[in-house]
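Scroll down for the structure; my scribbles are underneath it.
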Amino acid sequence: MAPSSERTVTVWQDKVRARVRVAGSGPALVYLHCGYGLVWDEFLDLLARDFTVYAPEHPGTSDGLPDAVKPLDDVWDLTLFYDELFDRLGLKSAAVVGHSFGGMVAAELAASARERVGKLVLIDSLGLWRDDTPIKNYMVMAQPDLEPLLFHDRTHPARKHIFANLEDADSVVRLTWAQACTGKFIWSVPDKGLKKRIHRITAPTLIVWGRQDGLTPPVYAAEFARLVPDSRTEIVDKAAHMAPMEQPAAVAALVRDFIKK
Amino acid sequence: MKISMFHLMPYRELPADFEKRYHSVWVDPPFWELADPERVGQYYNWTLDELIHAALCGMDGICVNEHHQNAYGFMPSPNVMGSVLARATNGLNTAIVQMGATLPTTNPPIRVAEEYAMLDCISGGRLVAGMPLGSPMDVNLCYGISPIEQRERYYEAHDLILKAWQSREIFAWNGRFFQLPMVNLWPRPIQSPYPPVWVPGSGSLSTWDFSAKHGHCYCFLSYYGNNVGKKIMDGFWDFVSRTGLEANPYRAGFLQLVAVSETDAKAEQEYFPHIRYFYDKCLHIAPELLAIPGHQDYRSLVHSVKNINPGQGELMMQVPNWKYRDFVENQFVIAGSPATVRDQLMTAVKKLRVGNLMVLLHIGSMPHELTLKNIELFSREVMPHFRTVWDDEGWVNNWWPQRLRGNGTSAGAGREAH
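In order, the protein sequence lines correspond to chains A and B.
Count along the first sequence starting at 1, add 156, and that's the number in the working numbering.
Count along the second sequence starting at 1, add 1421, and that's the number in the working numbering.
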């Protein structure tokens, strides 16, 4: 199933054009993607059966809008940008689901604009840091070293969404620039102060983690669970950091059940 | 034209199997396994002595640069080296070419303005102010600057430095990255309105634009010689012509590896192990560290991805198997007897149309004595033939310290002054 529509809205003193893919019907669910850009895959198709899924493309990662990231300098700007984006989309409040980089943004939004986030789902989320388990910098890793951190199944077809086909210049540019634009908000250590704000989250929160996540190992699920006031945790087997791509049915079912509950 | 000696100051005694045992020469080579601080002290002193020797031999300029966390070239502070060089070469007509202090990692950037002004004052107005953007390894990894912000920080730092040098009034700087309430530089550079600025680059369109917009000298720094460099420099000169700038050869700098001995055969015997060491070990940089997303801005990224030259890639793949002859034939290194080097370097300089040449006369593991020999032979047997290369076209080298400009024949009177 293809996304049913694509909306481009103007935010942030009209300086940022934001593209949002919208599909499905039902209560609003905002999905914030990982550092490799938005991929509309089986996971989002499954969610669109029960929800109206709004999937914004992180500023700068949309085709034809590479400079949209420029007016946003830091996590504070980015969080307020999403707060405004909700207005532009006519959303007062929604369930917010974030994966990896998008998880950090979702958590920041839930801590700052509490009324926006009815329920929060954090999937293999970035945003916290433990000195005993430093998070590797995926933007500077060779593919053979990175693959096992992201995928439990090294032959999984979704790998093509993460590792560019070097013959395909457009895919190299798209994936490189998506990491550049998201990396702006997490470089060089992906701890930008969420730990100071995370206690403010009031939304009921589901923490979903790939058991084999090698980038943000499950100790980070426990760390989020420790710091988010109202949360429960689900560990998904046979899934690494890209859990929604690797186990779309299992992760989508957990998300659906939690939000509809 | 002007010819300066460039020195990287590499670690000269890496183990023979370094490139097999270690991930990268840059960012993560383990210091305590590979190096020794006492030995490093010796290297710094050799490096300074070699550059001072180049000045005494009459080289037009001596160059140092900034890099971090590596065995390839580790002068984390080029200005510490530059201050020794400036002091030691007073009385000589040698330019102090700082290639240089990396702008996006110096915070606040007026530190660069201050230290360059100090060097200009100490040297009596002999400074060339290099303004590097910095490598992704140095800036993004070692110094933690967000890749996508690196160039924007660079632009702001550059504007701030130029204003700090020139402003007659105390001013407040309220920038995006830097905020300073009262900028009032002590000292100011001797050179007016400011020292010549050289911008090192690796062929990125954005850097060409930037150099052109500000009237700076663009320097293509590569270790792949003038054959590979020709494609880039042709692109640069096309750009210069499209932009409506004069084709003044002095607005371009280029770096070439050079090794001179008494005969071609002797050059091979003396220099080949060090050339091999340089390409095998000093350039053993993990590729993923070179291509960090965001280090190139979007336009340069698209340009470089879509213009990958498969022929060049294949050439690079063959380098590990190259013999001496291959390095020379492909012009990665111009090496041989003085006559050979003269001929080949002259061809290279003319085909690249370069007025400010830098030569890497210390290569890889080259020991101190051999480096001194290379410097002496180059300055005595090669360099004098190049002084007047561009004189018949009548260009002025606006990118050289004014009091050292002279004309082709009278410049570089280092030996007499000493």
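Note that CB positions come from ideal geometry on N, CA and C, so glycine has one too.
Here the structure is a predicted model, which is why all the values come from computation and not from measurement.
Alpha helix (DSSP H) containing residue i: first to last residue?
i: G339(A); result: A325 to G339
i: M1767(B); result: P1759 to L1773
i: S1725(B); result: Y1719 to K1727
i: L305(A); result: Q299 to L306
i: Y1671(B); result: Segment: none, Y1671(B) is in no alpha helix (DSSP H) and carries neither H nor E.
i: G1698(B); result: Looking at the sequence provided, one finds Tyr at residue 1698(B) rather than Gly. It spans D1685 to Y1698 - the alpha helix (DSSP H) in which Y1698(B) sits, taken as one unbroken run.
i: W1467(B); result: P1458 to L1477
i: I1569(B); result: P1568 to Q1587
Could you spell out the range, first to last residue, of the beta strand (DSSP E) harbouring residue i?
i: L410(A); result: From DSSP, L410(A) is part of no beta strand (DSSP E) but of the alpha helix (DSSP H) over P404 to K416.
i: V172(A); result: V172 to G180
i: Y1743(B); result: First, the amino acid is wrong: residue 1743(B) is Trp here, not Tyr. Looking at the DSSP string, W1743(B) is not in any beta strand (DSSP E), and its letter there is neither H nor E.
i: V1604(B); result: Q1600 to V1604
i: R163(A); result: S161 to V167
i: F1592(B); result: F1592 to N1595
i: K1423(B); result: K1423 to F1427
i: G1551(B); result: L1548 to G1551
i: Y187(A); result: A184 to L188
i: N1777(B); result: N1777 to L1781
When you compare only the Cα positions, how much space is there between residue i and residue j?
i: Q1587(B); j: D233(A); result: 34 Å
i: W1743(B); j: Y1700(B); result: 10 Å
i: E354(A); j: Y294(A); result: The sequence given here places Ile at residue 354(A); Glu does not occur at that position. About 24 Å.
i: V1419(B); j: A1633(B); result: Outside the modelled stretch of chain B, which goes from 1422 to 1839, sits residue 1419(B), for which no answer is possible.
i: L1524(B); j: S1721(B); result: 20 Å
i: Q1610(B); j: G1546(B); result: The sequence shown places Pro at residue 1610(B), not Gln. Going by the C-alpha atoms only, they are around 7 Å apart.
i: K351(A); j: L284(A); result: 6 Å
i: H397(A); j: D413(A); result: 21 Å
i: T166(A); j: Y210(A); result: 16 Å
i: A206(A); j: V253(A); result: First, the residue type needs correcting, since residue 206(A) is Asp and not Ala in the sequence shown. Taking the straight line joining both Cα atoms gives about 14 Å.
i: S1445(B); j: I1706(B); result: 5 Å
i: F307(A); j: G370(A); result: 9 Å
i: I1569(B); j: N1511(B); result: 41 Å
i: P1431(B); j: R1572(B); result: 27 Å
i: A250(A); j: A381(A); result: 21 Å
i: A1578(B); j: D243(A); result: 37 Å
i: G191(A); j: D347(A); result: 15 Å
i: L1781(B); j: S1725(B); result: 26 Å
i: V407(A); j: V392(A); result: 7 Å
i: I1566(B); j: M1539(B); result: 26 Å
i: Q1765(B); j: N1648(B); result: 11 Å
i: A1593(B); j: P1530(B); result: 14 Å
i: F199(A); j: E303(A); result: 20 Å
i: H1428(B); j: L1554(B); result: 19 Å
i: G349(A); j: F1598(B); result: 19 Å
i: V1749(B); j: Q335(A); result: 40 Å
i: K340(A); j: G1656(B); result: 31 Å
Could you round the C-beta distance between residue i and residue j to whole angstroms and report it? I think they count as a contact, below 8 Å.
i: E390(A); j: D309(A); result: Contact flag wrong, Cβ pair sits at about 19 Å.
i: L1455(B); j: A1492(B); result: 6 Å
i: H312(A); j: D280(A); result: Actually they do not touch by this definition, with Cβ atoms about 15 Å apart.
i: T361(A); j: L278(A); result: 7 Å
i: Y1644(B); j: L1678(B); result: 7 Å
i: A325(A); j: K1727(B); result: 5 Å
i: L228(A); j: P215(A); result: 6 Å
i: A1673(B); j: N1818(B); result: About 11 Å separates the two Cβ atoms, so there is no contact after all.
i: T1515(B); j: G1551(B); result: Actually they are not in contact, since the Cβ atoms of T1515(B) and G1551(B) sit about 15 Å apart, beyond 8 Å.
i: C1703(B); j: F1675(B); result: Not confirmed; about 19 Å, so no contact.
i: L1583(B); j: Y1615(B); result: 6 Å
i: A399(A); j: V375(A); result: A399(A) to V375(A), Cβ: 16 Å. No contact.
i: W1658(B); j: W1820(B); result: 16 Å between Cβ atoms; not a contact.
Inset, instruction - Report the residue ranges of all beta strand (DSSP E) runs contained in full by the region 1614-1659 of chain B; include only those spanning at least 3 residues, in chain order. - result: Annotation: the region 1614-1659 of chain B contains the following complete segments of the beta strand (DSSP E) (minimum length 3 residues), in chain order: 1618-1622 and 1638-1641.
Inset, instruction - Return the chain-ordered ranges of every beta strand (DSSP E) run that is complete within the region 1485-1534 of chain B and spans a minimum of 3 residues. - result: 1516-1519
Legend entry - In chain order, each alpha helix (DSSP H) run of at least 4 residues that lies wholly inside the region 349-404 of chain A: 350-353, 375-383 and 399-402
Legend entry - Near-chain A residues of the region 1708-1741 of chain B (beta-carbon distance less than 7 Å), N- to C-terminal order: E1709, L1710, I1713, P1714, G1715, Y1719, L1722, V1723, V1726 and K1727
Inset, instruction - Write down every uninterrupted run of the beta strand (DSSP E) in the region 246-291 of chain A whose length is 3 residues or greater and which is fully enclosed by it, in chain order. - result: 250-255 and 273-279
Inset, instruction - Name, going along the chain, the residues of the region 158-189 of chain A whose beta-carbon falls closer than 7 Å to a beta-carbon of chain B. - result: none
Legend entry - Under 7 Å (Cβ pairs) to chain B, residues found in the region 332-358 of chain A: T332, W333, Q335, A336, C337, G339, K340, W343 and S344
Inset, instruction - Compile a chain-ordered list of the residues in the region 1489-1520 of chain B whose CB is closer than 9 Å to at least one CB of chain A. - result: Listed by position along the chain: nothing, the set is empty.
Inset, instruction - Note down, in chain order, all residues in the region 1567-1592 of chain B with a beta-carbon under 7 Å from any beta-carbon belonging to chain A. - result: S1567, P1568, I1569 and E1570
Legend entry - Complete runs of the beta strand (DSSP E) confined to the region 194-244 of chain A [at least 3 residues]: 208-212
Inset, instruction - May I ask you to list, following chain order, the residues of the region 284-303 of chain A that have a beta carbon less than 7 Å from some beta carbon of chain B? - result: M295, V296, M297 and A298
Legend entry - chain B contacts made by the region 307-329 of chain A, where a contact means CB separation under 8 Å: A325, V328 and V329
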